[in-house]
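The sequence shown finishes on residue 478 if you use my numbering, and the numbering steps up by one all the way, no holes. Below is one structure, written out as structure tokens, with a few remarks after it.
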Amino acid sequence: MEKNQEITEKDLKSKLFWEKKNGYEEIDEKSLNEIFEFAEEFKKFLDSSKTERECINTIEEISEKSGFVEISKASKTDKNIFCQFDRVCGALIYLKDPQKLEDGFLIVGSHIDSPRLDLKQMPIYETLDMGYAKTHYYGGIKKYQWVTRPLALHGVVILQTGEVKKIVIGENLNDPVFTINDLLPHLAANQMEKKGNKVIEGENLNILIGSIPLNLKKDTNSIKLNILNILHEKYGIVEEDFISSELQLVPAGLSRDVGLDRSFVGGYGQDDRVCSFCGMKAFLDLTLNHQDLISKNIMMLFFDKEEIGSQGNSGANSNLVKRIFSQILEIHGKKEYNSLLQTLTNSQLLSADVEGGIEPEWKNLWEERNGSKIGYGVSLSKYTGSRGKSGCNEAHAEFVSRIRKVFNENGVHYQPSELGKIDQGGGGTISKYLANLGMQVCDCGTPILSMHSPFEVSSKADIFHTFKAFQAFFQMK
2 MEKNQEITEK DLKSKLFWEK KNGYEEIDEK SLNEIFEFAE EFKKFLDSSK TERECINTIE
62 EISEKSGFVE ISKASKTDKN IFCQFDRVCG ALIYLKDPQK LEDGFLIVGS HIDSPRLDLK
122 QMPIYETLDM GYAKTHYYGG IKKYQWVTRP LALHGVVILQ TGEVKKIVIG ENLNDPVFTI
182 NDLLPHLAAN QMEKKGNKVI EGENLNILIG SIPLNLKKDT NSIKLNILNI LHEKYGIVEE
242 DFISSELQLV PAGLSRDVGL DRSFVGGYGQ DDRVCSFCGM KAFLDLTLNH QDLISKNIMM
302 LFFDKEEIGS QGNSGANSNL VKRIFSQILE IHGKKEYNSL LQTLTNSQLL SADVEGGIEP
362 EWKNLWEERN GSKIGYGVSL SKYTGSRGKS GCNEAHAEFV SRIRKVFNEN GVHYQPSELG
422 KIDQGGGGTI SKYLANLGMQ VCDCGTPILS MHSPFEVSSK ADIFHTFKAF QAFFQMK
């Protein structure tokens, strides 16, 4: 083959082929530092926001410091608006042009709930001179991953008077932690023959919480009584108050760098708080520092209950988005139902949820060309669902075209992605519920390893390019 022909073939490949780009290849020291500094901010958010309520509190504090106005107090002149509902979900809103509300919004929608263990309503009991608390797991977990590890208790107890008692036990070094016992290997022959989903039964996810009887005198339920007395002395609660509580067991401790090169972030709750954080940062950076780059009204949504099907009045399968839009329209004198419909159907949304990155030890479960490689940027999923795209939202090609155009224009590393091979499994996000409102919707999020485990892992490069992706989307014309 002649030299000129070789060059032509090389040029043709460069022109016609498309390849994923590794986020660490051929970047300078400044860019690497930017990636790592952003990851440090994310870790702080992750550590301070282990429940939905804590996430909303953090977002509300940041928005207040940034000059955002609570939606119930907003007027026609307010451009930066924050709203929260039931302290577990909410939105950040920037009105570039209030006269063009019906032209629709550019929206990034995430969820802030994560798999965990919830205390039952009557949790505390005593057996064999030890005190335990019963739990009910929330979301899709591998139950065996939650045993023999330190757990912290986060949440609130609402007294009959309406007073709120906030509880966080297990995060400070001087705090006690909680744990779930497992069977010793010497007696586990029958247990080890069970299927993975039966090795630990849901009803056996009981938390060890004490063993000292009240006044050091053993009597019926004296250990349980001592535990309740400790809680009463510190928080003023009694056993009946657990009925109106939201108490969650989550992995204790801080998120950490993973790897000798510190290229990964490891920690609980990255599904989906990594996308929530990146979306919030992209939104605030533009609205506070680069308003000139925004051409449309934009919104950042934070949903609850995604991990259990997006149900309830704080999930995506509710009237939450309609309520937010209705309030904004009403502030600007637009109360007609048709105005709401137009605003919804003219809006464009990225469903910001994590994607399962290809796991090297189980790579046969993915079709690599259409799977997410860790370190190669944000995942872009035209459709989700499983087994013939069942239950999915599929983005229209025109919308995907606009997304990849703005990604390429802004140097975003992205990769088309599906969750595993066809018929191997699959999953869903909030996208179908928002598409049902008439919006253009496409899934986009950070690929992670060990999804739904107590210690999820993500690439710092992918986290940063998730931020860049949402920032670029908010600038779409």
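Note that CB positions come from ideal geometry on N, CA and C, so glycine has one too.
Which residue's Cα is closest to the Cα of Y384: I63, I375 and S418?
S418
Minimum Cβ-Cβ distance from H453 to chain B less than 8 Å:
Annotation note: the requested chain B is absent from the structure, which comprises a single protein chain.
Is E436 helix, strand or coil by DSSP?
Before going further, note that residue 436 is Ala rather than Glu in the sequence given. Helix.
Once DSSP output is grouped into helix, strand and coil, what is the label at Q249?
strand
Once the 5 residues before and after Y133 are set aside, which same chain residues still bring their CB inside 7 Å of it?
Y126, N207, I208, L209 and I210
Measure the Cβ-Cβ separation of Q349 and S380 and say whether it is below 8 Å.
Contact flag unset, no.
Could you tell me which residues DSSP pairs with S382 in its beta bridges?
D444
Name, in chain order, the residues that DSSP records as bridge partners for R257.
G267
Using a threshold of 8 Å, state whether the C-beta atoms of V401 and C443 are closer than that.
yes
Quick check on DSSP: helix, strand or coil for Q328?
DSSP places Q328 in helix when its eight states are reduced to three.
Alpha carbon to alpha carbon, how far is E204 from K101?
53 Å
Within the continuous alpha helix (DSSP H) that includes T467, where are the two ends?
Counting along the chain, the alpha helix (DSSP H) containing T467 begins and ends at K461 to F475.
The beta strand (DSSP E) spanning E127 covers which residue range?
Segment R117 to T128, the beta strand (DSSP E) holding E127.
Which partner residues of C84 appear in the DSSP bridge assignment?
A92
Any chance you could list the beta strand (DSSP E) runs of at least 3 consecutive residues sitting entirely within the stretch 132-188, in chain order?
152-159 and 165-170
Let's test the definition: count the other Cβ atoms within 10 Å of the Cβ of D272 and tell me whether it reaches 16, buried, or not, exposed.
buried
For the beta strand (DSSP E) containing N298, name the first residue and the last one.
N298 to F304
So, are the CB atoms of M477 and R405 less than 8 Å apart?
no
What would DSSP say about E241, mapped onto helix, strand or coil?
E241 carries a helical assignment under DSSP once its states are collapsed to helix, strand and coil.
List the whole-angstrom C-beta distance separating D424 from L255, where the pair is believed to meet the contact cut-off of C-beta under 8 Å.
The Cβ separation is near 39 Å, so there is no contact.
Any idea what DSSP makes of S402, helix, strand or coil?
helix
If we call anything under 8 Å between Cβ atoms a contact, is V157 one with I168?
yes
From D463 to E27, what distance separates their C-alpha atoms?
D463 and E27 have their C-alpha atoms some 15 Å from each other.
Going by beta carbon distance, what residues of the same chain come within less than 7 Å of I142, once the five residues before and after it are set aside?
P116 and H453
In its own chain, which residues sit with a C-beta less than 7 Å from the C-beta of Y377, not counting the 5 before and 5 after it?
K21, K22, N23, G24, H414 and Q416
Identify whether P99 lies in helix, strand or coil by the three-state DSSP scheme.
Here P99 sits in helix by DSSP.
Counting pairs of Cβ atoms below 8 Å between the stretch 144-158 and the stretch 311-321, do you hit three or more?
no
Could you pull the DSSP bridge partners for S373 from this structure?
G358
Give the range of the beta strand (DSSP E) segment to which I108 is assigned.
From DSSP, the beta strand (DSSP E) with I108 extends over F106 to H112.
Identity of the residues DSSP links to Y415 by a beta bridge:
In the DSSP output, where bridge partners are listed per residue, Y415 has V379.
For A473, which residues from the same chain have a beta carbon less than 6 Å from its beta carbon, with the 5 sequence-adjacent residues on both sides left out?
V407, F408, N411 and V413
Apart from the five residues on each side of it in sequence, which residues of its chain come closer than 8 Å, Cβ to Cβ, to L152?
L118, G171, V178, F179, T180, I181, I208, L250, V251, P252 and A253
Answer with buried or exposed for M2, where buried requires no fewer than 16 other C-beta atoms within 10 angstroms of its C-beta.
A caution first: M2 carries a pLDDT of 46, below 50, which makes its placement in the model unreliable, though a value can still be read off. So M2 counts as exposed.
So Q349 is in the beta strand (DSSP E); what residue range does that whole segment cover?
Q349 to S352
Report all residues from its chain with a CB closer than 6 Å to the CB of E356; omit the five preceding and five following residues, and keep chain order.
S373, S380, S418, G446 and P448
Reduced DSSP secondary structure (H/G/I, E/B, other) of V70
When secondary structure is reduced to three states using DSSP, V70 falls in the strand class.
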